[in-house]
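Participant: Quick note: the sequence shown, position 40, residue 168 per the numbering used here, numbers continuous.
Yeah, the Cβ is synthetic: ideal placement off N, Cα and C, and Gly gets one too.
A quick note: this is a predicted structure, and the numbers were derived from the prediction, not measured.
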Amino acid sequence: MLAGRMMDFPLTLTHFLERARTFFGRNEIVSRLPDKTLVRSTYGDFYRRTAKLAGALHRLGVRPGDRVATLSWNHQRHLEVYLGAPAMGAVVHTLNLRLHPNELGYIANHAEDKVVVVDRSLLPLWRKFADQVRSVRHVIVVPDCPAQGEPTSTEIDYEEFIAPEKDEYPWPSLDERSAAMICYTSGTTGNPKGVVYSHRSTVLHTLVVCNADTIGVREADTVLPVVPMFHAAAWGLPYAAVMAGSKLVFPGPHLDPPSLLDLIAAEKVTIAAGVPTIWLGILQLLDQHPGKWNLSAIRSTVIGGSAAPPALIDGFKSRHGIDVTHAWGMTETNPVGTLARVKHALSDRDEATKLGCKASQGYAVPFVEQRHVGEDGTILPWDGETMGELEVRGPWVASSYFSDEGPDRFTADGWFKTGDVVTIDREGYLRITDRSKDVIKSGGEWISSVALENALMSHPAVLEAAVFAARHPKWTERPLAAIVLKEGKAATRDELNAHIESKFAKFWLPDDYVFMAQIPRTSTGKFLKTKLRELYGDHLEKQGAAE
Ligand code: ADP
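1. Span of the alpha helix (DSSP H) holding Q416?
2. Are the beta-carbon atoms of G364 and V464 separated by less than 9 Å?
3. Ignore the nearest five residues each way along the sequence and tell me which others in Y171's own chain have a CB closer than 6 Å to its CB.
4. Given the structure, does W456 come close to the ligand ADP, in the sense that its CB is under 8 Å from one of the ligand's heavy atoms?
5. Touch check for the region 323–336 and the region 221–228: three-plus C-beta pairs under 8 Å?
6. Assign S446 to one of two classes, buried (16 or more other C-beta atoms within 10 Å of its C-beta) or exposed (fewer than that).
7. Enumerate in chain order the residues of its own chain whose CB-to-CB distance from T453 is below 6 Å, with the five nearest sequence positions on each side excluded.
8. Assign N422 to one of two classes, buried (16 or more other C-beta atoms within 10 Å of its C-beta) or exposed (fewer than that).
9. Determine the DSSP secondary structure at P353, reduced to helix, strand or coil.
10. In whole angstroms, what separates the C-alpha of A401 from that of L414?
11. Hey, how far is the Cα of F635 from the Cα of P607?
12. Please confirm whether any heavy atom of the ligand ADP lies closer than 8 Å to the CB of I560.
13. In its own chain, which residues sit with a C-beta less than 6 Å from the C-beta of E581, not counting the 5 before and 5 after it?
14. Apart from the five residues just before and just after V196, which ones in its own chain have a Cβ nearer than 6 Å to its Cβ?
15. Mark I507 as exposed unless 16 or more other C-beta atoms lie within 10 angstroms of its C-beta, in which case mark it buried.
16. Is it the case that the Cβ atoms of T466 and L474 are separated by a distance below 9 Å?
17. For the beta strand (DSSP E) containing E615, list its first residue and its last residue.
18. Taking only heavy atoms of the ligand ADP into account, decide whether any of them is closer than 8 Å to the Cβ of R563.
19. Roughly how many angstroms lie between the CA atoms of A583 and L656, to the nearest whole one?
20. Determine which residues share a DSSP beta bridge with G516 and list them.
21. At the level of alpha carbons, what is the spacing between V493 and V158?
22. Taking the alpha carbon of D511 as the reference point, which residue from F538, R554 and G542 has its own alpha carbon closest?
23. Only counting runs of 4 or more residues, tell me where the alpha helix (DSSP H) segments fall wholly within the region 427–498, in order along the chain.
24. With contact counted as at least three CB pairs below 8 Å, one residue from each stretch, are the region 200–209 and the region 244–252 in contact?
25. Would the C-beta of A439 count as close to the ligand COA, meaning under 8 Å from any of its heavy atoms?
26. Just grab the DSSP bridge partners of P607 for me.
27. Consider the C-beta atom of T650 and the heavy atoms of the ligand ADP; say whether any pair is separated by less than 8 Å.
28. Any chance the CB of K164 is under 8 Å from a heavy atom of the ligand ADP?
29. Here's a check: name, in chain order, each residue in its chain whose Cβ is nearer than 7 Å to the Cβ of L411, leaving out the five neighbours to either side.
30. Quick check on the DSSP output: the alpha helix (DSSP H) that includes I628 runs from which residue to which?
31. For L352, which option in H627, L383 and Q671 has the closest C-alpha, if you only look at C-alpha atoms?
32. Between which two residues does the beta strand (DSSP E) containing F635 stretch?
33. From L637 to Y664, what does the alpha carbon distance come to, in whole angstroms?
34. With respect to 8 Å, is the separation between the Cβ of H500 and the closest non-hydrogen atom of the ligand ADP below this value?
35. Using DSSP with H/G/I as helix, E/B as strand and the rest coil, what is M371?
36. Looking at P418: is its Cβ nearer than 9 Å to the Cβ of H448?
Here it is as structure tokens:
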């Protein structure tokens, strides 16, 4: 072999920081506080503050590999921890503030967090589980709102904490394979598991997120990560923006549609990313008040985390001229794995085919590989019909969990089992039909809840639809649909069935519909089907269903 003779330059987050300071010092970072005031800063200021934070953490005794947790909304100081802790050799651990305090206590203990950075507005939450956490010795409080009462003896004000430090830090040279961040899965099945991102995996992921055929973050962009920084690193957008030097707009805690639309219009956001629920709310408001917000700057809205219904993608484009990019990922994939773009070779196809591509989960981004396998482990054909479990591999896919839990998720030949049931078509577009635990098994046949949901959500009266398995005496399970109607709209079971019956085999149609004000959700905004099954699992049995 002839060895390559190129430099072995480490792929670390420190480079992002240095680059932002060197080239983009004037570019803006805007954070919205809980009282809705906007705080304006620059990358130059961000760099100096991040260096000070690193100095302060070092002074406190934080050493390489130590975990620095955050319990924070999206704002600049959170970004300072995102970069500062890893660049000084520590590991940032984002705590999901939507979890139950007991779960947070479990996760903080499991990760052995040493320091926690908490928004003052979230101190009441922190204090609910602080006693359970044995490892945390210091609490740094971000003053995002006025103080209420006296701080406890372990609590230090963030600004006072960093103030005495220099605005330069002797960044250590790091091994690119060392840990930069820990994120926990939401644990909808079993205990949450930690996924440990390395500098290298995050850097490579960032490069691909900035690739023109993926999200394509550029210096001239204004990026609004609506997706929380405690959810799978806000899909890598904060790192992408820092590397590219894009203007960043952080929304803080107000994620309701009018607050987001105000921010998008005022700051001329070009890329915004969030889960479908957020965008469903925004679309509904835009439909009610066309032209109220000037959204002409928007280049792309990225939607992921759960399936984006075609009606949502089409509604944004056809009624408001806004392009939607649908992406799939997991905490275990750092997180972006696949992304839906219409290939050039398909660009002259009819609109329905193109919408079918855009509403699929797309195909793997560079360096991620995809396949799907049957229950017996055979690799399945890409025929667009055969359903199987999606497996992926790549440099930002987990190779094991923190403390080696869940070894059965990793195959002997080096793939990660996602737990998502998919079809893959000849072009490579994959379509998630379910998570394996949500698939409806009716008399030995599989029914895709996601396909039914998408069809139901195209009915003009339906705001949201979640399809789940109810027990059935004869068929074991049958689909039941939970429906949230749009304000002032009505629809009956027969109308809904009539709307979708041409698209599915008869046995796929839901046996019944339940109408709700709200569908229960997980901490990251996905339909909580375990709860729906708990509430309505016996619905058909109660009705005396027999056939
Ligand atoms: P958790 O596993 O804790 O719910 P993640 O945020 O890691 O949290 O969720 C990953 C899962 O979310 C995927 O396995 C998949 O089921 C679902 N998901 C993510 N993006 C999409 C998408 N675009 N379409 C459908 N499902 C998605």
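Facilitator: This is what the structure gives:
1. As a first step, residue 416 must be located in the sequence shown, where it is residue number 288. Membership of Q416 in the alpha helix (DSSP H) is indicated by the continuous run P404 to Q416.
2. In the sequence shown, counting from the first residue as 1, residue 364 sits at position 236. In the sequence shown, counting from the first residue as 1, residue 464 sits at position 336. Yes, the Cβ-Cβ distance between G364 and V464 is below 9 Å.
3. Translated into positions along the sequence shown, residue 171 becomes position 43. Counting only Cβ-Cβ distances below 6 Å, and skipping sequence neighbours, we find A148, F152, G153 and N155.
4. As a position in the sequence shown, residue 456 is number 328, starting the count at 1. Under cutoff, so the answer is yes.
5. no
6. The residue given as residue 446 occupies position 318 in the sequence shown. Under this definition S446 is an exposed residue.
7. Translated into the one-based positions of the sequence shown, residue 453 becomes position 325. For T453, where only same-chain residues beyond five positions count, the Cβ hits under 6 Å are S428 and V430.
8. Stepping through the sequence shown from its first residue, residue 422 is reached at position 294. Around the beta-carbon of N422, fewer than 16 other beta-carbon atoms lie within 10 Å, marking it exposed.
9. Reading the sequence shown from its first residue, position 225 is the one you call residue 353. In this structure, P353 counts as strand in the three-state DSSP scheme.
10. Residue numbering aside, residue 401 sits at position 273 when the sequence shown is read from its first letter. Residue numbering aside, residue 414 sits at position 286 when the sequence shown is read from its first letter. Taking the straight line joining both Cα atoms gives about 17 Å.
11. Taking the sequence shown and counting its residues from 1, one reaches residue 635 at position 507. Taking the sequence shown and counting its residues from 1, one reaches residue 607 at position 479. If I take the Cα positions, the gap works out to 9 Å.
12. In the sequence shown, counting from the first residue as 1, residue 560 sits at position 432. The answer is yes for I560.
13. Here residue 581 refers to the residue found at position 453 when the sequence shown is read from its first residue. Within the same chain, E581 has close Cβ partners A593 and V595.
14. The sequence position of residue 196 within the sequence shown is 68, counting from 1. Answer for V196: A213, A218, V220 and V243, listed in chain order.
15. Against the sequence shown, residue 507 aligns to sequence position 379. By the neighbour-count rule (16 or more Cβ atoms within 10 Å), I507 is not buried but exposed.
16. On the sequence shown, residue 466 is found 338 positions in, with the first residue counted as 1. On the sequence shown, residue 474 is found 346 positions in, with the first residue counted as 1. Cβ distance not < 9 Å, so T466 and L474 don't count as in contact.
17. Along the sequence shown, one-based indexing puts residue 615 at 487. Element bounds for E615: n/a, residue is neither H nor E.
18. Residue mapping note: residue 563 aligns to position 435 of the sequence shown, counting from 1. Indeed, a heavy atom of the ligand ADP lies less than 8 Å from the Cβ.
19. Indexing the sequence shown from 1 puts residue 583 at position 455. Indexing the sequence shown from 1 puts residue 656 at position 528. Approximately 19 Å between the Cα atoms of the pair.
20. Against the sequence shown, residue 516 aligns to sequence position 388. Under the DSSP definition of a beta bridge, G516 partners with V550.
21. Looking up residue 493 in the sequence shown gives position 365. Looking up residue 158 in the sequence shown gives position 30. Answer to the nearest angstrom: the Cα atoms are 30 Å apart.
22. For the purposes of this step, residue 511 is identified with residue 383 of the sequence shown, where counting begins at 1. Taking only the C-alpha atoms, the option nearest D511 is R554.
23. 438–448 and 479–486
24. yes
25. In terms of ligand content, the structure shown lacks the ligand COA and carries the ligand ADP instead.
26. Against the sequence shown, residue 607 aligns to sequence position 479. The partner list for P607 (beta bridge, DSSP) reads A597.
27. Within the sequence shown, numbered from 1, the residue matching residue 650 stands at position 522. Yes, Cβ of T650 sits closer than 8 Å to a heavy atom of the ligand ADP.
28. The residue given as residue 164 occupies position 36 in the sequence shown. No; taking the cut-off as 8 Å, the Cβ of K164 has no heavy atom of the ligand ADP nearer than that.
29. In the sequence shown, counting from the first residue as 1, residue 411 sits at position 283. So the qualifying residues of the chain are L440, G443 and F444.
30. Reading the sequence shown from its first residue, position 500 is the one you call residue 628. First-last of the alpha helix (DSSP H) with I628: R621 to I628.
31. For the purposes of this step, residue 352 is identified with residue 224 of the sequence shown, where counting begins at 1. Taking only the C-alpha atoms, the option nearest L352 is L383.
32. Locating residue 635 in the sequence shown gives position 507, where the first residue counts as 1. Unbroken run through F635: none, as it is neither H nor E.
33. Here residue 637 is taken as the residue at index 509 of the sequence shown, counted from 1. Here residue 664 is taken as the residue at index 536 of the sequence shown, counted from 1. Whole-angstrom Cα-Cα distance: 17 Å.
34. Within the sequence shown, numbered from 1, the residue matching residue 500 stands at position 372. Not so, every heavy atom of the ligand ADP lies at least 8 Å from the Cβ.
35. In the sequence shown, residue 371 corresponds to position 243, counting from 1. Three-state DSSP puts M371 in a helix.
36. Position 290 of the sequence shown, counting from 1, holds the residue named residue 418. Position 320 of the sequence shown, counting from 1, holds the residue named residue 448. Result yes, Cβ atoms of P418 and H448 sit closer than 9 Å.
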